[in-house]
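Asks: Heads up: the sequence shown begins at 1291 in this note's numbering, then just goes up one per residue.
Ideal Cβ positions, reconstructed from N, Cα and C, are used throughout, including at glycine.
Quick caveat, the model's predicted, so the values are computed rather than measured.
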Amino acid sequence: MNDTPNKPNRNRGRRSRFRKPHRDKGVDGNIDPGFRDDPEESGVEKNGNGPGEQGSGDGSHDATQQEQTPPIPGRELKLYELQKLTVPQLITLASEFGLEDIGALRKHELIFDILKANARGRGTMFGKGILEILPDGFGFLRSPLYNYLPCPEDIYVSPSQIRRFALRTGDLVEGEIRSPKEKERFFALLKVDQINHDKPDAYKNKIPFQDLTPLFPDERFVLEIEPSEISMRVMDILTPVGKGQRGLIVAPPRTGKTVLMQKIANSISANTPDAHLIVLLIDERPEEVTDMQRNTKAEVLSSTFDEPPERHVQVAEIVIEMAKRMVECGKDVVILLDSITRLARAYNTLQPHSGKILSGGVDANALHKPKRFFGAARNIEGGGSLTIMATALVDTGSRMDEVIFEEFKGTGNMELGLDRNLVDKRIFPAINIERSGTRKEELLLHPDELSKIWILRKALNGVPAVEGMELLINKLKKTKSNIEFLMSLQG
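1. Please state the DSSP three-state secondary structure of E1597.
2. Count the CB pairs spanning the stretch 1456 to 1466 and the stretch 1435 to 1444 that are closer than 8 Å, and state whether there are at least three.
3. What would DSSP say about T1681, mapped onto helix, strand or coil?
4. What is the C-beta distance between L1640 and P1599, in whole angstroms, given that I count them as a contact (C-beta under 8 Å)?
5. Between E1739, S1726, G1651, which lies nearest to A1755 when the distance is taken from Cα to Cα?
6. Which residues does DSSP pair with T1580 in a beta bridge?
7. Among the residues of its own chain, which have a CB less than 8 Å from the CB of K1489, if the five just before and after it don't count?
8. One question on the structure: do E1618 and K1496 come within less than 8 Å of each other, judged by their Cβ atoms?
9. What number of angstroms, rounded off, separates the C-alpha of L1633 from the C-alpha of H1602?
10. Taking a contact to mean a Cβ-Cβ separation below 8 Å, would you say L1506 touches N1669 in this structure?
11. Please state whether DSSP places P1563 in a helix, a strand or coil.
12. CA-CA distance, G1620 and L1502?
13. D1484 by DSSP, collapsed to three states: which one?
14. According to DSSP, K1368 sits in a beta bridge with which residue or residues?
15. Cβ atoms of I1568 and A1588: under 8 Å apart, would you say?
16. Report the option in K1661, L1367, R1365, H1398 whose CA atom is closest to the CA atom of P1378.
17. Could you compute how far the alpha carbon of D1564 sits from the alpha carbon of G1417?
18. Between which two residues does the beta strand (DSSP E) carrying L1735 extend?
19. What three-state label does DSSP hand F1477 in the structure shown?
20. For the 8 Å Cβ check, are there 3 or more pairs between the stretch 1642 to 1662 and the stretch 1674 to 1692?
21. Note down, in chain order, each residue of its chain lying with its Cβ closer than 8 Å to the Cβ of N1655, except the 5 sequence neighbours on either side.
22. Tell me, please, which residues DSSP counts as bridged to V1447.
23. Taking only runs that begin and end inside the stretch 1641 to 1701, name each unbroken alpha helix (DSSP H) of 4 or more residues, in chain order.
24. Can you look up E1466 in the DSSP assignment and give me helix, strand or coil?
25. DSSP beta-bridge partners for P1504?
26. By the three-class DSSP mapping on this structure, what secondary structure does G1411 have?
27. Going by other Cβ atoms of all chains shown within 10 Å of its Cβ, with 16 needed for buried, is T1586 buried or exposed?
28. For a test of the three-state rule: what should DSSP assign to V1524, helix, strand or coil?
29. If the criterion is Cβ atoms closer than 8 Å, does the pair L1421 and V1482 meet it?
30. For N1772, count the other beta carbons within 10 Å of its own beta carbon; 16 or more makes it buried, fewer makes it exposed. Which is it?
31. Report the rounded CA-to-CA distance for G1702 versus A1555, giving the unit in angstroms.
32. For I1678 versus I1717, is the C-beta spacing smaller than 8 Å?
33. Near L1712, which residues of its chain fall below 7 Å by C-beta distance, leaving aside the five closest residues on each side in sequence?
34. Can you grab the Cα-Cα spacing for the pair K1473 / I1404, in whole Å?
35. What residues in its chain sit with their C-beta under 8 Å from that of I1572, if we drop five residues either side in the sequence?
36. Would DSSP call S1778 helix, strand or coil?
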């Protein structure tokens, strides 16, 4: 018989030091940051009625509040439409859901509270964005309103959803979402409705971009839109641009490269509205970004000079991945990049030192990624194309810029040279005729048109750049179209 008196067990209720602490894990043991459960594993993604799809998720305080005052019935809300609203419009919408004390809230906090109130009223919410997959295996849907950079309204995508639908960075994903639960910071994707404007099952059969067959451009972008737009008429004659062109605009400072890019964007959007046009401004001035947004119909994405190189690179990489996914779906995509020189500078800043330094301080391995960006431009056999027109800076006084230009020289199949001497004479467009041309232009031009252009080039051969461009501009102003001008040339 045990004579030891009964003593209270001091270890009762304590966690054993040999037992692993419980951690909320996502699918396959991956700990999802800020998420207690995986929306797909809860059954919501499969049938749309699993636990966690609706309800507040706000804890006991919100539950008590719901018992006191019944929630206002929810409705169908789209996150990307809420992001376009102004703060006064969001405050008006929030008041319709019975939210109070919202005057001091910021925009993303208003959106957050509106969607949570809509969830309490059993409403549905939808979102879309461009997927960016992080190294940890999960991803987020980024919004174009924030240049596809991280923002508070990003939508979390679980690793299991990424594996199930074979999602990749750059995919446009649309679907139903839910508001964050307790201790969560982001919205979560519940159901995948569309991937790149197609059903999820059909997307799995797409051929990867790197396996598509590249060809020379054989279909032309007509840039001529009206008789008075001399710049585009000159480009149509001297440097025709085809679908899948890899063009380099070589520009000294203050030669009108940004204005020329703006005119190219307007011409493509007017004559080829089916093409998806993206203007990517890297390390540019903020006022130029605003001017481009207001004066073009293109999707303008930017990372201004006051932002770090990491943001320059992140914007550029998600844009090129997004363009590749569109080309895989058979679309024609055009990227106007200003400038490839500053993008290469950003990559050079972030490149770990390899010990192999070129003249000008350029790391030998730093230009591989910007070359891969520029080299993605191609015409695809069977449909689809990616056209990239990029500006390269020269005569800036920087040895690094000269080295970058020399590395990219010859990689394109179209080159347009701007001349500072023409700008000094106030001759626009300041295009140097002898330094400008397109490879395999016979694939883009009609034989009769090509023969007339050759006659023009022979006549201007040896003529100084200033006199030659003045003569060409005066002749174009006297005709209403390029066809009329070329027909007037005598062989």
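Replies: To lay it out plainly:
1. coil
2. no
3. strand
4. 6 Å
5. S1726
6. Bridge partners of T1580: none, in fact.
7. none
8. yes
9. 7 Å
10. Correcting the residue type first, residue 1506 is Phe in the shown sequence and not Leu. Result yes, Cβ atoms of F1506 and N1669 sit closer than 8 Å.
11. coil
12. 11 Å
13. It is Gln, not Asp, that sits at residue 1484 in the sequence shown. DSSP places Q1484 in strand when its eight states are reduced to three.
14. F1416
15. yes
16. H1398
17. 24 Å
18. L1735 -> no beta strand (DSSP E), and no H or E assigned at all.
19. strand
20. yes
21. Q1641, S1644, K1646
22. G1429
23. 1658 to 1665, 1689 to 1698
24. strand
25. I1670
26. coil
27. buried
28. helix
29. no
30. buried
31. 19 Å
32. no
33. A1720, A1755, V1756, M1759
34. 18 Å
35. S1592, S1593, H1602, V1605, A1606, L1627, D1628, S1629, R1632, L1633, A1636
36. coil
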